[in-house]
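Trainee: Submitted below is the structure of interest, expressed as structure tokens.
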Amino acid sequence: MSGLRFILVQALRFIIYGGVHVLLISRLVLFDLGWCFFYLGFLLFLPIATPIVVQLLVSFCMGLAMDIFYDTGGLHAAAAVLLGFARPWVLRLLTPRDGYDSADTVNVHQMGWQWFSVYLTLLVTLHHAAFFLLELGSFRNIGITMGKILVSALFTSLALLIVQLLFFPVRRGRQ
């Protein structure tokens, strides 16, 4: 029953992150330069022990869902799958000295500010670079595209940090 409960919780998280993005967050634009890709929170905050095949599948499904809503022809799916592919590498790069516990999650309260900010910055910037460079299709307007990547990465990272601070549980010291 625990496995079924886990799958239901993840499916609910998928719907919440995707729904909030489509219904609310997608309408927020900073200076016609920065967009918040709120749905990335679902992919970034998956449990650390999630197998890579599952990460790739849910990344594709989330990206495809966004592509269907925004008629972007696979841009979201491609960038989300790249994020799902790179996530285990970044987690391995940031592995604490004692390793991860099987129950560890991506949580700013549990993993610390430094770990979380490096994790979030690397993966969000990678996703945004892939998305906006694929959208551009050439290097003609690379300056504006770099501005979009930077502003959108900051906007998305700030939104996801706020979600972490408001909705993820604070765990007092491990004893």
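Take the sequence shown: its position 45, counted from the start at 1, is 49 in the working numbering, and no numbers get skipped. Every residue gets a Cβ at the ideal spot worked out from N, C-alpha and C, and that includes glycine.
1. DSSP three-state call for L34: helix, strand or coil?
2. Kindly indicate the opening and closing residues of the alpha helix (DSSP H) around D75.
3. Work out the CA separation of W93 and F46 for me, nearest whole Å.
4. Do the stretch 110-122 and the stretch 76-83 meet, that is, are 3 or more Cβ pairs less than 8 Å apart?
5. Are the beta-carbon atoms belonging to F41 and H131 less than 8 Å from one another?
6. Anyone know if the C-beta pair for A83 and F159 falls short of 8 Å?
7. Roughly how many angstroms separate the alpha carbons of V155 and L34, rounded to a whole number?
8. Who does W39 pair with in a DSSP beta bridge?
9. Just the C-alpha distance for V122 and R91, rounded to the nearest angstrom, thanks.
10. W117: buried (16+ other C-beta within 10 angstroms of its C-beta) or exposed?
11. On the three-pair Cβ rule with 8 Å, is the stretch 137-150 touching the stretch 96-104?
12. What are the boundary residues of the alpha helix (DSSP H) that F120 is part of?
13. In the DSSP assignment, the alpha helix (DSSP H) including Y21 goes from what residue to what residue?
14. Can the beta-carbon of L124 be found less than 8 Å from the beta-carbon of L164?
15. May I ask you to report which of helix, strand or coil DSSP gives A53?
16. Is the beta carbon of L127 sitting closer than 8 Å to the one on L48?
17. Compare the C-alpha of F3 against each of M70, Y104, V57 and L68 and name the closest.
Mentor: Let me lay it out:
1. Locating residue 34 in the sequence shown gives position 30, counting from the first residue. It is a strand residue.
2. Here the question's residue 75 lines up with position 71 in the sequence shown. Careful: D75 lies outside any alpha helix (DSSP H) and carries neither H nor E.
3. What you label residue 46 is simply residue 42 of the sequence shown in a count that begins at 1. What you label residue 93 is simply residue 89 of the sequence shown in a count that begins at 1. Those two C-alpha atoms are separated by around 18 Å.
4. no
5. For the purposes of this step, residue 41 is taken as the residue at position 37 of the sequence shown. For the purposes of this step, residue 131 is taken as the residue at position 127 of the sequence shown. The criterion of a C-beta distance shorter than 8 Å is satisfied by F41 and H131.
6. As a position in the sequence shown, residue 83 is number 79, starting the count at 1. As a position in the sequence shown, residue 159 is number 155, starting the count at 1. Not in contact: A83 and F159 (Cβ atoms no closer than 8 Å).
7. In the sequence shown, residue 155 corresponds to position 151, counting from 1. In the sequence shown, residue 34 corresponds to position 30, counting from 1. The alpha-carbon atoms of V155 and L34 are separated by roughly 8 Å.
8. Along the sequence shown, read from residue 1 onward, the residue named residue 39 stands at position 35. Bridge partners of W39: V33.
9. On the sequence shown, position 118 is the one that residue 122 refers to. On the sequence shown, position 87 is the one that residue 91 refers to. Their Cα atoms are separated by approximately 12 Å.
10. The residue you call residue 117 lines up with position 113 of the sequence shown. With fewer than 16 neighbouring CB atoms inside 10 Å of its own CB, W117 falls in the exposed class.
11. As far as the Cβ criterion goes, the stretch 137-150 does not touch the stretch 96-104, which means the pair count is below three.
12. Taking the first residue of the sequence shown as 1, we reach residue 120 at position 116. First-last of the alpha helix (DSSP H) with F120: W117 to L140.
13. To locate residue 21, count along the sequence shown from 1; it is residue 17. That run of the alpha helix (DSSP H) goes S6 to L27.
14. Working through the sequence shown from its first residue, we reach residue 124 at position 120. Working through the sequence shown from its first residue, we reach residue 164 at position 160. It is a contact, given that the beta carbons lie within the stated cut-off.
15. For this step, residue 53 is matched to residue 49 along the sequence shown. Correct three-state label for A53: coil.
16. Taking the sequence shown and counting its residues from 1, the one referred to as residue 127 is at position 123. Taking the sequence shown and counting its residues from 1, the one referred to as residue 48 is at position 44. Contact: yes.
17. Because the chain in this structure spans residues 5 to 179, residue 3 falls outside the shown range and cannot be described.
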